[in-house]
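Chains as they are written, first to last, in my numbering: chain B, 3 to 313; chain L, 98 to 640; chain Y, 222 to 526.
Note that the Cβ used here is the ideal one computed from N, Cα and C, for glycine as well.
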Amino acid sequence: MLRYAVRRLILAVPVLLGVTLITFVLMWIIPGDVTQVLIDPKIGTIDPEVARAARERWGLDAPLLVRYGRYLGNILLGDLGYSHATNEPVRDAILQRLPATARLALAAVAISTLLGIGMGVFTALRRGSYFDTVGMAVTLFGVSVPTFCLGLLLMWLLAVRWPLLPATGYGRGELSYLWLPAVTLGLSYAGAMARLTRSAMLDVIGADYVRTARAKGAAKRAVIWRHAVPNALIPVLTLIGIDIGNLMAGAVIAETVFAWPGVGRLLADAIQQRNLLLVQGCVLFFAVVFVVVNVVVDLVYGLLDPRIHYD
Amino acid sequence: MNRFVRGSIVVLVLLLAGVGSPVSGEPEAPRYGGVYIKNNIYSEPRSMDPIYALGASTIMVQMNIFDGLVRVDADRNSVVPDIAERWTHSPDGKTFTFYLRKGVRYHDGTEVTASDFKHQFERTVNPDNLSPHMARLTGVVGLKAFQEKLAKEISGIAALDKYTLRISMEKPNILLPYYLTGTWASAVPQQVVERLGKDFGTRPVGSGPFVFESWARGRELVLRRNPSYWRKDKRGNRLPYLDKIVFRLIQDMSAVEAEIQTGTLDSAYIRASAYLKYKNHPLFKRHLVEGVEFYTLHIGFSLDAPGVPWRDKRVRQAINYAIDRKAIVDVVLHGMAYTATGALPFPALADDQTLKGYEYDPDRAKRLLVEAGFPNGFSAKITTTDSPNYVSVVEAVMGYLKVVGIRLQPEILESATARARIQEGKFEWYYSGLGGEGHPLIYMQRAFHSRYAGPGGNHTRYRNPRIDELLDRAAETRDANTMMRMVREAERIIVDDAPWWFFGYLKGVVVQQPYVRGLRAVPIDMDWQPLEEVWLAWPPKRR
Amino acid sequence: MNKPAARLIGAIGQRIAPLDATIPIASVWRLSWRRVGRNRNVIIGFLVVGLMASVALSAPWLAPRDPTHNDLANALRPPNSPGFPLGSDNLGRDILSRVIWGSRISLTVGLVVQSFAVVVGTLLGLVAGFYGGWTDDVVSGLTNVMFALPRLLFALAIVAALGPSLNNVFIALGIVGWPMLCRIVRAQTLSLRGKDFVEAARAIGATDLKIIIRHILPNALSPIIVVATVGMARAILAEASLSFLGLGAQPPMPSWGTMMSRGQTYIWSAPWLMLFPGVAIFIAVLGLNLLGDGLRDVLDPRVRD
Chain B
3 MLRYAVRRLI LAVPVLLGVT LITFVLMWII PGDVTQVLID PKIGTIDPEV
53 ARAARERWGL DAPLLVRYGR YLGNILLGDL GYSHATNEPV RDAILQRLPA
103 TARLALAAVA ISTLLGIGMG VFTALRRGSY FDTVGMAVTL FGVSVPTFCL
153 GLLLMWLLAV RWPLLPATGY GRGELSYLWL PAVTLGLSYA GAMARLTRSA
203 MLDVIGADYV RTARAKGAAK RAVIWRHAVP NALIPVLTLI GIDIGNLMAG
253 AVIAETVFAW PGVGRLLADA IQQRNLLLVQ GCVLFFAVVF VVVNVVVDLV
303 YGLLDPRIHY D
Chain L
98 MNRFVRGSIV VLVLLLAGVG SPVSGEPEAP RYGGVYIKNN IYSEPRSMDP
148 IYALGASTIM VQMNIFDGLV RVDADRNSVV PDIAERWTHS PDGKTFTFYL
198 RKGVRYHDGT EVTASDFKHQ FERTVNPDNL SPHMARLTGV VGLKAFQEKL
248 AKEISGIAAL DKYTLRISME KPNILLPYYL TGTWASAVPQ QVVERLGKDF
298 GTRPVGSGPF VFESWARGRE LVLRRNPSYW RKDKRGNRLP YLDKIVFRLI
348 QDMSAVEAEI QTGTLDSAYI RASAYLKYKN HPLFKRHLVE GVEFYTLHIG
398 FSLDAPGVPW RDKRVRQAIN YAIDRKAIVD VVLHGMAYTA TGALPFPALA
448 DDQTLKGYEY DPDRAKRLLV EAGFPNGFSA KITTTDSPNY VSVVEAVMGY
498 LKVVGIRLQP EILESATARA RIQEGKFEWY YSGLGGEGHP LIYMQRAFHS
548 RYAGPGGNHT RYRNPRIDEL LDRAAETRDA NTMMRMVREA ERIIVDDAPW
598 WFFGYLKGVV VQQPYVRGLR AVPIDMDWQP LEEVWLAWPP KRR
Chain Y
222 MNKPAARLIG AIGQRIAPLD ATIPIASVWR LSWRRVGRNR NVIIGFLVVG
272 LMASVALSAP WLAPRDPTHN DLANALRPPN SPGFPLGSDN LGRDILSRVI
322 WGSRISLTVG LVVQSFAVVV GTLLGLVAGF YGGWTDDVVS GLTNVMFALP
372 RLLFALAIVA ALGPSLNNVF IALGIVGWPM LCRIVRAQTL SLRGKDFVEA
422 ARAIGATDLK IIIRHILPNA LSPIIVVATV GMARAILAEA SLSFLGLGAQ
472 PPMPSWGTMM SRGQTYIWSA PWLMLFPGVA IFIAVLGLNL LGDGLRDVLD
522 PRVRD
């Protein structure tokens with residue numbers, strides 16, 4: 003199993019390279035560079051002399067391949083570059099926001115998984131009934147409403163109208179500040195989880211071996227819990243694996259609304275500032291998380307489904 | 098005293114109390130203490146080093162950590178002493194001498210001296226530091242030599258002794274003190290900067306009313322009281338009143354409004370849609386600080402583009418007649434602007450009562466268009482940023498211009514891209530604002546002098562030799578009244594020439610909690626609030 | 222293909238397969254209309270989507286007012302005001318008309334983006350699944366890279382690079398949307414490849430192309446349909462998010478996304494600006510999701526009713 007994990011990680015390196023290359027090219031295509039940060043926003047101008055000197059000093063004029071090569075070389079030395087827009091090393095900028103992002107992602111995944119699986123099991127067991135349709139509508143509510151809408155709605159309900167929770171902020175990591183953004187994000191993803199769980203459950207419930215078990219007299223509940231639910235976990239895990247990167251980056255909207263200092267917001271700001279190195283750093287961070295989580299998910303598969311063998 | 102006189106006096110007093118800082122006028126005694134939570138950091142500040150003082154989020158914090166030679170007085174928009182207790186200039190207007198107060202100390206206890214200012218000015222213009230303010234001291238003797246590394250220092254800036262600073266210019270310029278009110282021109286302890294180098298940006302030491310305490314990136318900045326601050330209030334009490342200030346970074350304006358509701362934010366600069374709500378709010382409508390800001394919203398026409406209809410002055414004037422400014426200000430901006438007659442948002446200083454702007458007259462607009470040869474109108478592309486207020490104004494303008502036959506095609510761009518396009522001249526029309534300058538002459542230069550055509554601030558690339566000549570002569574006069582006369586004349590020409598559609602002067606509005614006192618209507622930018630005279634009337638109940 | 226690699230691919234295929242064990246292989250030709258009639262989700266979904274489509278098509282006649290006509294004197298009227306059944310926005314434009322016209326843009330986004338994603342994703346998925354080997358490695362690597370990149374921000378960057386316009390939104394969302402479909406189709410192809418009827422076809426001497434088009438593709442259609450309908454919903458939502466970030470359809474043409482983004486500034490003072498386009502988005506997304514779910518049930522041969 004360990005060898006498998008290591009091999010997967012090694013195979014991931016081309017993926018990471020591809021990610022950095024695409025990001026570099028994208029940022030190069032987008033007009034503007036990080037000298038943005040020297041523009042006086044009230045006058046809307048920058049002194050051309052200053053811009054020229056900055057470009058030279060910060061190496062913005064070098065051809066794309068040279069900059070890319072330099073970047074890759076630096077990564078091997080552990081140097082992710084310097085963010086001129088915020089005057090700090092890229093690595094520090096990301097590490098500082100890491101705890102906030104991690105907390106939010108874990109909480110959101112936990113909430114969406116619990117809600118999603120719960121709702122999925124519920125609607126699967128009552129398939130075809132009104133409960134099914136209504137249950138789907140409720141879970142889809144989280145998916146269909148844009149995140150900022152959902153976030154502001156929850157903020158109004160739970161922080162303004164009835165002051166139960168703090169409206170925005172990180173609050174030095176206290177739990178009360180985590181609730182609103184986590185629930186907002188969690189609700190958005192619960193819908194997808196619910197649908198997958200429902201399908202997986204239906205799949206198992208109709209499968210032959212379940213019918214055989216029931217014919218042998220096993221209680222319905224035991225059958226469901228022993229076979230259906232674990233089977234439902236597999237696609238859910240897949241979804242988590244595929245979407246984790248998106249969850250963390252897509253959290254940008256929730257992070258904006260709730261002033262949550264996460265890496266998603268950092269990335270969005272970096273794009274706006276045309277801060278190439280910071281954008282690269284953040285994207286690389288998400289990509290690494292994606293790869294690692296997927297490997298973990300695969301290993302967990304092995305535990306869940308005995309049909310899957312790795313060397 | 099008869100009743101009439103008494104009544105008039107009462108009315109007069111009430112009027113005077115109503116003018117100026119809106120909420121004060123009550124003779125309450127300031128209360129010491131309290132933590133003031135102020136947001137409006139819209140984005141992460143780049144650095145706390147004043148040479149990088151750019152953008153409201155950075156300046157509003159830095160200006161409370163640092164002090165300069167001079168500062169702008171919010172009420173009268175004039176330059177008043179700060180660390181320099183007085184200054185003189187030579188009869189030819191080329192040399193200024195600043196006399197510093199004695200005993201002003203930095204937060205680490207050392208004394209502020211004239212050589213610190215010399216050092217800071219040299220730092221700012223030094224090309225190695227890449228300060229955006231590199232060009233601010235243009236015209237000082239010896240600047241070029243210093244920047245080109247031919248000289249080790251700027252010969253025109255001399256610390257004559259510990260408390261005297263002399264600055265010599267190549268040409269007379271009585272506006273030098275205005276230039277020095279910028280946050281970049283603050284007193285910075287030379288030894289500390291040399292010791293900390295780049296780290297000074299995260300561990301700043303200044304001489305201002307508040308001491309830097311902490312900076313949690315992405316979250317907040319905290320300042321605490323400077324117990325040995327030199328300035329005292331009008332009654333002789335030591336400033337500042339507050340114990341601590343917390344600047345929170347909240348980027349979403351709806352979230353800001355929610356925080357005001359819950360009382361976890363003490364004040365916030367609000368936007369037009371919120372103004373609508375607060376104007377009528379039972380509690381907050383009495384706790385708004387409002388004032389005109391030196392920021393003129395306008396549409397600029399690209400005057401470099403060849404063969405376009407708006408090269409003809411009559412077309413530009415027609416556009417000015419075709420749009421109902423007042424309706425847009427009232428309805429779209431909910432009154433958060435003052436309708437503009439001309440370019441200069443300086444009602445007190447440069448207000449020319451005889452200057453007639455353009456009234457709303459669509460028929461006249463159509464006549465002018467026909468005269469200029471466009472009876473069926475034409476189409477044009479207008480570039481602007483994706484901020485909701487801007488887009489709504491452009492949409493409103495589109496409606497009015499459609500009536501006279503001009504078909505506008507909006508190009509809504511993300512702010513960085515929009516700014517780049519406008520700077521580079523890659524636009525037909527743009528809608529934006531211009532501000533940031535504290536004096537009408539400097540403002541006019543930036544906006545309309547050909548020297549600044551293009552990236553300097555004159556985005557329309559307006560070139561008029563008469564204006565250039567007027568503004569150049571005004572810059573060299575030594576008499577303030579003559580200067581203003583020339584500026585007004587220049588504005589009259591500009592209004593007639595209409596390189597802009599003159600829309601409105603921004604109204605800055607800050608909403609505050611009922612216990613906050615001392616916030617001022619700062620004309621250059623409501624966010625640039627001096628906080629040493631702010632106090633809390635009662636301890637706020639924090640959740 | 223050497224054994225370890227085969228096993229690896231088999232393992233990856235297995236990993237995908239559980240996801241799509243829920244989308245069993247059934248031919249869309251064997252659709253039982255009776256089952257359609259009895260599946261509530263499909264009926265409701267179809268009705269809703271059909272309703273939206275008719276609204277979009279008949280917008281010019283259905284909408285009471287010109288959606289781009291400013292009427293500053295009547296700005297911010299609440300719903301149920303005379304002449305403005307759903308209220309008016311901050312420029313006095315009728316919200317009902319704007320929602321009706323907005324359906325055109327939103328549904329077009331869904332359709333165009335998903336069509337692109339379906340075509341590209343299916344092609345790549347079929348090829349990768351059928352041929353395996355290094356083609357599969359390349360395609361899988363590419364999809365992995367696309368998955369690793371944060372989607373919304375990727376789309377944001379593309380639109381920022383190409384400029385804001387509806388067409389560029391199509392391109393951006395399309396580029397971001399094909400990987401999911403590709404992966405699903407690939408998984409299906411992988412499982413179908415080893416089936417008997419494919420062996421039989423080969424024995425007769427059918428070319429690869431024929432096998433793909435006549436045997437594999439029809440059987441893979443049902444998951445494609447399902448994922449496509451759901452993908453449409455996602456595309457509509459993505460358009461709303463892009464508009465929120467300022468890069469969607471250009472004014473004054475209304476799209477639900479831009480209406481919500483513009484309405485956001487009035488969320489506390491005039492919530493109807495956001496409410497109605499939000500409800501419209503919700504209904505559209507709900508309808509599409511129900512349709513997708515229902516179709517999956519209907520096309521599933523293993524489900525007894």
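Neighbourhood of residue i by C-beta, 7 Å cutoff - its chain only, sequence neighbours within 5 removed
i        : result
Y:SER248 : Its pLDDT being 48, under 50, Y:SER248 is placed unreliably in this model, and the coordinates cannot settle the point.
Y:VAL334 : PHE391, LEU394, GLY395, GLY398, ALA456
L:VAL110 : Any reading at L:VAL110 is ruled out, since the residue's pLDDT is 46, under 50, leaving its predicted position unreliable.
Y:LEU345 : VAL360, CYS403
Y:ASN260 : GLY515, ASP518, VAL519
B:ARG267 : VAL254, GLU257, THR258
L:PHE475 : PRO406, ILE503
L:ALA445 : Note that L:ALA445 scores a pLDDT of 47, beneath 50, so its modelled location is shaky and nothing firm can be said.
B:TYR179 : PRO168, GLY171, TYR172, GLY173
Chain-ordered neighbours of residue i on chain Y, where CB pairs are closer than 7 Å
i        : result
B:PHE260 : Near B:PHE260 there are no residues of chain Y at all, since even the closest Cβ is about 15 Å away, more than 7 Å.
Run of the beta strand (DSSP E) containing residue i, from where it starts to where it stops
i        : result
B:ASP134 : Premise fails: B:ASP134 lies in the alpha helix (DSSP H), 132-146, not in any beta strand (DSSP E).
L:TRP598 : 597-609
L:TRP184 : 181-186
L:PHE309 : 307-313
Within-8 Å CB hit, residue i to chain D
i        : result
Y:ILE488 : No chain D is present in this structure, whose protein chains are B, L and Y.
Chain-ordered neighbours of residue i on chain L, where CB pairs are closer than 7 Å
i        : result
Y:ARG319 : In chain order: nothing, as chain L lies at least about 12 Å away.
B:ALA161 : ALA355, THR359
Y:ALA381 : GLU511, THR514
N-terminal and C-terminal residue of the alpha helix (DSSP H) that residue i is part of
i        : result
Y:ILE502 : 493-520
L:SER69  : Lying before the first or after the last residue shown, residue 69 of chain L is absent from chain L, which here runs from 98 to 640.
B:LEU150 : Note that residue 150 of chain B is Phe in the sequence shown here, rather than Leu. Taken as a continuous stretch (DSSP letters only), the alpha helix (DSSP H) holding B:PHE150 covers 149-157.
L:ILE503 : Segment 503-510 is the beta strand (DSSP E) holding L:ILE503; no alpha helix (DSSP H) there.
Y:SER484 : Sequence inspection shows Gly at residue 484 of chain Y; the Ser mentioned does not correspond to that position. Taken as a continuous stretch (DSSP letters only), the alpha helix (DSSP H) holding Y:GLY484 covers 477-484.
Cβ shell of residue i (< 8 Å), same chain only, five flanking positions each side left out
i        : result
L:ALA447 : Confidence at L:ALA447 is low in this model, with a pLDDT of 48, below 50, so its placement is unreliable and no value can be given for it.
L:ILE590 : ASN561, ARG563, ILE564, LEU567
Y:LEU307 : PRO300, ASP315, ILE316, LEU317, VAL320, TRP493, PHE497
L:TRP625 : ALA153, ILE156, MET157, MET160, VAL619
Within chain Y, the residues that residue i reaches when beta carbons sit closer than 9 Å
i        : result
B:MET138 : ASN262, LEU507, ASN510, LEU511, ASP514
Neighbourhood of residue i by C-beta distance below 6 Å, restricted to the same chain and skipping five residues each side
i        : result
L:THR221 : ILE148, SER228, HIS230, TRP281
L:ILE54  : The structure shown does not extend to residue 54 of chain L, since chain L is modelled only from 98 to 640, so the question has no answer here.
Partners in chain Y for residue i, counting only beta-carbon separations shorter than 8 Å
i        : result
L:LEU510 : GLY384, PRO385
Residues that residue i contacts on chain B, provided the C-beta gap is smaller than 9 Å
i        : result
L:HIS556 : GLY46, THR47
Y:MET481 : PRO148, PHE150, CYS151
Using a Cβ cut-off of 9 Å, which residues of the region 41-58 of chain B contact any Cβ in chain L, in chain order? ILE41, ASP42, PRO43, LYS44, ILE45, GLY46, THR47, ILE48, ASP49, PRO50, GLU51, VAL52, ALA53, ALA55, ALA56
Inside the region 512-581 of chain L only - alpha helix (DSSP H) runs reaching at least 4 residues: 512-521, 537-545, 562-573
Report the start-end ranges of each alpha helix (DSSP H) in the region 345-421 of chain Y that is 4 residues or longer and not cut off at the edges. 354-369, 372-383, 387-414
Relative to chain B, which residues along the region 347-369 of chain L have a C-beta separation below 8 Å, given in chain order? ILE347, GLN348, ASP349, SER351, ALA352, ALA355, GLU356, GLN358, THR359, THR361
Pick out the complete alpha helix (DSSP H) segments inside the region 237-265 of chain L, 4 residues or longer, and give them in chain order. 240-244
Continuous alpha helix (DSSP H) assignments of at least 4 residues falling wholly in the region 44-124 of chain B: 50-59, 66-78
With a floor of 3 residues, list each beta strand (DSSP E) that falls wholly inside the region 463-503 of chain L, ordered by position along the chain. 475-482
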